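Reviewing the structure listed below.
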Amino acid sequence: MTTKVAISIWDGRISPVMDTACHLLLVDITDGREVSREKVGIPMGGLSDLIGFLTDHRVDVLICGALSYRLERMLTASGIKPYPWFRGDIDEIIAAYASGILEGGNYLLPGRRHRRQGKGRRCRQGGGFHRHQQLKEEQ
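Just so you know, we're using the working numbering here: the sequence shown kicks off at 14 and counts up by one.
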């Protein structure tokens with residue numbers, strides 16, 4: 014089975030912010046190996062245009078840097094699995110994803126110990142509420 018992976022790119026690396034990225038690398042991965050890649054420009058427009066562009070290209074997975082919560086929700090609703098908060102060299106990222114070690118590797122942006130947002134708790138400090146991340150223990 015082939016998986017179509019889109020990676021936001023900038024200068025041979027993952028683009029730091031998906032919402033403002035200009036190019037994607039579309040990669041077909043079959044049986045854990047890259048079989049094709051194509052660099053494409055992201056059309057200008059709103060987030061709906063981006064989702065339409067990704068679905069028109071039959072993208073299954075999006076690997077990117079920082080990602081707005083709104084875009085992450087839109088991707089998920091359209092059937093595209095987002096992998097946000099990643100960084101690194103494009104070839105290393107493709108190899109790590111294809112071999113199933115992307116999430117276990119050292120590819121998260123600084124300050125990210127796990128890729129999911131929203132897994133936190135609120136506590137009262139200094140007269141206001143502050144969000145604290147509950148960090149998973151490294152195993």
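The beta-carbon is built from N, C-alpha and C at its ideal position, and this holds for glycine as well. Predicted model only: the values in this text are computed from it and were never measured.
CA-to-CA distance, residue j to residue i, given in whole angstroms
i: residue 104; j: residue 92; result: 25 Å
i: residue 19; j: residue 41; result: 9 Å
i: residue 21; j: residue 114; result: 19 Å
i: residue 97; j: residue 74; result: 10 Å
i: residue 106; j: residue 88; result: 20 Å
When the options are compared against residue i, the one with the closest alpha-carbon
i: residue 95; options: 76, 111, 43; result: 76
i: residue 59; options: 15, 122, 84; result: 84
i: residue 32; options: 46, 64, 101; result: 64
i: residue 27; options: 82, 101, 48; result: 101
Start and end residues, beta strand (DSSP E) containing residue i
i: residue 54; result: 46-54
i: residue 41; result: 36-43
i: residue 82; result: Taken as a continuous stretch (DSSP letters only), residue 82 belongs to no beta strand (DSSP E), being part of the alpha helix (DSSP H) at 82-90.
i: residue 199; result: Nothing about residue 199 can be read from this structure; the chain reaches only from 14 to 152.
Cβ shell of residue i (< 6 Å), same chain only, five flanking positions each side left out
i: residue 118; result: 109
Near the ligand GTP: residue i beta-carbon under 8 Å from a heavy atom
i: residue 20; result: Only the bare structure without any ligand can be found here, which leaves the ligand GTP out of the picture.
Per DSSP, cross-strand counterpart(s) of residue i
i: residue 18; result: 40, 74
Beta-carbon contacts of residue i that lie in its chain and below 7 Å, excluding the five residues immediately before and after
i: residue 51; result: 39
Same chain, Cβ closer than 8 Å to residue i, five either side skipped, listed in chain order
i: residue 70; result: 17, 19, 39, 53
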